[in-house]
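Participant: Chains as they are written, first to last, in this note's numbering: chain A, 1 to 336; chain B, 1001 to 1336.
Virtual Cβ for every residue (Gly too), placed ideally from N, Cα, C.
#1: Quick one: which chain A residues come within Cβ less than 8 Å of residue 1246(B)?
#2: Any idea what DSSP makes of residue 325(A), helix, strand or coil?
#3: Using the Cα positions of residue 309(A) and residue 123(A), report the straight-line distance between them to the nearest angstrom.
#4: Which term fits residue 52(A), buried or exposed, when burial requires 16 or more other beta carbons within 10 angstroms of its beta carbon?
#5: Check whether the segment 1138 to 1155 of chain B touches the segment 1272 to 1290 of chain B, taking contact to mean three or more Cβ pairs, one atom from each stretch, closer than 8 Å.
#6: Flag this pair as yes or no: are the beta carbons of residue 263(A) and residue 1032(B) separated by less than 8 Å?
#7: Identify the contact partners of residue 1063(B) in chain A, using a Cβ-Cβ distance below 7 Å as the criterion.
#8: Measure from the alpha carbon of residue 1397(B) to the alpha carbon of each residue in 1093(B), 1324(B), 1239(B), then state which is nearest.
#9: Alpha carbon to alpha carbon, how far is residue 285(A) from residue 1305(B)?
#10: If you draw a straight line from the C-alpha of residue 1178(B) to the C-alpha of residue 77(A), how long is it?
#11: So with Cβ pairs under 8 Å, would you call residue 46(A) a contact of chain B?
#12: Run the CB neighbour count on residue 1150(B), radius 10 Å, all protein chains shown included, and call it buried at 16 or more, exposed below.
#13: Can you give me, in chain order, the residues of the segment 171 to 203 of chain A that have a beta carbon less than 7 Å from any beta carbon in chain B?
#14: At the 8 Å Cβ level, is residue 1234(B) part of the contact set with chain A, yes or no?
#15: Give the secondary structure of residue 1240(B) by DSSP, where H, G and I count as helix, E and B as strand, and everything else as coil.
#16: Going by DSSP, what residue range makes up the alpha helix (DSSP H) through residue 1255(B)?
#17: Within a Cβ cutoff of 6 Å, which residues of the same chain sit near residue 1055(B), ignoring the five residues on either side of it in sequence?
#18: Give a yes or no on whether the C-beta atoms belonging to residue 301(A) and residue 160(A) are separated by under 8 Å.
#19: Taking the alpha carbon of residue 1256(B) as the point to measure from, which residue in 1021(B), 1012(B), 1014(B), 1008(B) has its own alpha carbon closest?
#20: Assign residue 1099(B) to buried or exposed, taking buried as 16 or more other Cβ atoms, counted over all protein chains shown, within 10 Å of its Cβ.
#21: Return the first residue and the last residue of the alpha helix (DSSP H) that residue 1292(B) is part of.
#22: Check the C-beta distance from residue 1218(B) over to residue 1238(B) and give it rounded, since I have them as a contact under 8 Å.
#23: If you draw a straight line from the C-alpha of residue 1231(B) to the C-alpha of residue 1211(B), how long is it?
#24: Tell me whether residue 1084(B) is buried or exposed, calling it buried when 16 or more other Cβ atoms sit within 10 Å of its Cβ.
#25: What residue range does the alpha helix (DSSP H) around residue 163(A) cover?
#26: Out of 303(A), 332(A), 326(A), state which residue places its alpha-carbon closest to the alpha-carbon of residue 316(A).
#27: Report buried or exposed for residue 148(A), applying the criterion of at least 16 other Cβ atoms within 10 angstroms of its Cβ.
#28: Could one say the Cβ of residue 273(A) lies closer than 8 Å to chain C's Cβ atoms, at least one of them?
#29: Alpha carbon to alpha carbon, what distance is there between residue 272(A) and residue 1201(B)?
#30: Out of 1220(B), 1096(B), 1153(B), which has the shortest C-alpha to C-alpha gap to residue 1120(B)?
#31: Note down the Cα distance separating residue 222(A) from residue 1152(B), rounded to an integer number of angstroms.
#32: Taking the straight line between their C-alpha atoms, what separation do you get for residue 1175(B) and residue 1229(B)?
#33: For residue 249(A), return the contacting residues in chain B, with the cut-off set at a CB-CB distance below 7 Å.
#34: Using a Cβ-Cβ distance cut-off of 8 Å, determine whether residue 1282(B) contacts chain A.
#35: Could you work out which residues of chain A lie near residue 1278(B), taking near to mean beta carbons separated by less than 8 Å?
#36: Tell me the residue span of the beta strand (DSSP E) that contains residue 44(A).
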């Protein structure tokens, strides 16, 4: 029997942030625990994934999903446990994941639920076998169309997605070069994860020269998590028919001025290259094959990951900021 | 017998332009007519194609071709007539095209020569059945992956390439919307060429609103010849899985400040869209199939074009500027 507290703590969006989110942009609310209706389950959230994209959802701006409304529960991917079921096929104790939000409890229907196979720890289901691993996998292999012996450059390389991108590149027989922001991260990526080279963009005197030095044959696939100057500089080193994979642009999410675009985009013409954006959910139908392959690599010890788990749902707002100052070490999540 | 003047007038690059090219950036030289060696022909140039890309070749900057060197003959595509042949298979009177430069005569080897089939006028071989027609064809159909019932937006719509892009879109059963810079051009495109709508970007109060009005279902393929603000604005109206075809960026070629990049490039992520550059010569092996189809459309009266022919090689430098002030009406070329 799972012990359930009396109330459903929710964190709602109180105001749209200007720049970095403030405590006052969030509102803490205690609600009665919801009752599942016919065809629904009650999920007790165990872990909440914190992701850079959340910052975008807080803006009042049309995107691939609607903005979070003022007064609505913050959107977020979680792993939880079914504690009450009125849905055939699901029973108390089942581990599931879904967009269940920044709250202790949620009710969900079949279409909102993904079952976590037995033997997968909840945090791994949010990390290398979940959204972040799948994003790296499909972004690099499908959108990036990686081929053997190519050079991959990935920004945000120490992030949950970036660190897996580089490791998949190595598994596929490619040169993996990363861009990160601290010497600690750089060491972890080269010494523990097998990246061929890492550039610390905060201490590099000339990023373009550093890219030339570490990618002497040019960049075949640039996997971009950060946007801004780093994207613009990477464009200068593309190879013929290179692919630029737009996964995110964390450097711009808290900008209060309109961001500058990549002035060097004409490299796409000179090199007959392609820049393409994607969202992992477009590959939903193919998750099982990817999870099978990612799972095999994990089991074989070819894929490493770090988790950065913050205790307590009430600490989620502050923890979110660590994505933007680069102080998280690995996949950031909250234990609820 | 073709009458040959005594000397070979050449126009060479004298200095690298800053901004718009000046007369002083060119040098006129009279040279002896060159003698073809074994395996070569002597070509008398008849028409010189003037193209926006020439401006880029005048910069001292690595691109898809080396810069034109100071003192070198200006690079340019021409149609000419073989006047002397030491190359089996070519005889005086044969019409050929190639990168024979801004000069009256050139010697060329087999690999530099394209034969113009009988019955094709020389100017058509530079226009709809030549580089410009082929650029429109492969850019729209191959890079743009156009499908029936889609909406195509093309900038530089009254240009040699843009006007054919819109007509091919119509032939393929699509909605064709153009962006041009004078009311005369707009009328020609809708009344004579069958574009569904045209936006005059110089008089439009709000380009974004005009794009929304003329492309109510959004832009499936944006064929960009101009870059700058127009590209950036078009990105805001992409559909899901849209394709942005980067053919050129004429608005930036004479810029003396570094151009701004497309700040709205994250539309590629939101819409899972693609931006891709290309050069027509990459499709060299497939020119015959495209020329056959373009030729059939011409014969059937489905494809219209305008030529803007300037008399006299000595007028080429001044004529080139007309590409950048938008005063050319149709495919610009020089009769030598």
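Facilitator: Inspection of the coordinates gives the following:
#1: Those are 265, 266, 268, 269, listed as they occur along chain A.
#2: coil
#3: 9 Å
#4: buried
#5: yes
#6: no
#7: 270
#8: The structure shown does not extend to residue 1397(B), since chain B is modelled only from 1001 to 1336, so the question has no answer here.
#9: 47 Å
#10: 43 Å
#11: no
#12: buried
#13: none
#14: no
#15: strand
#16: Taken as a continuous stretch (DSSP letters only), residue 1255(B) belongs to no alpha helix (DSSP H), as it is neither H nor E.
#17: Within the same chain, residue 1055(B) has close Cβ partners 1253.
#18: no
#19: 1021(B)
#20: exposed
#21: 1287 to 1299
#22: 6 Å
#23: 12 Å
#24: buried
#25: 160 to 171
#26: 332(A)
#27: For residue 148(A), the number of other beta carbons within 10 angstroms of its own is below 16, and it is reported as exposed.
#28: The structure shown contains no chain C; the protein chains it does contain are A and B.
#29: Going by the C-alpha atoms only, they are around 28 Å apart.
#30: Residue 1120(B) has its Cα closest to that of 1096(B), out of 1220(B), 1096(B), 1153(B).
#31: Approximately 28 Å, taken between the alpha carbons.
#32: 23 Å
#33: 1266
#34: yes
#35: Within 8 Å Cβ-Cβ: 269, 272.
#36: 40 to 49
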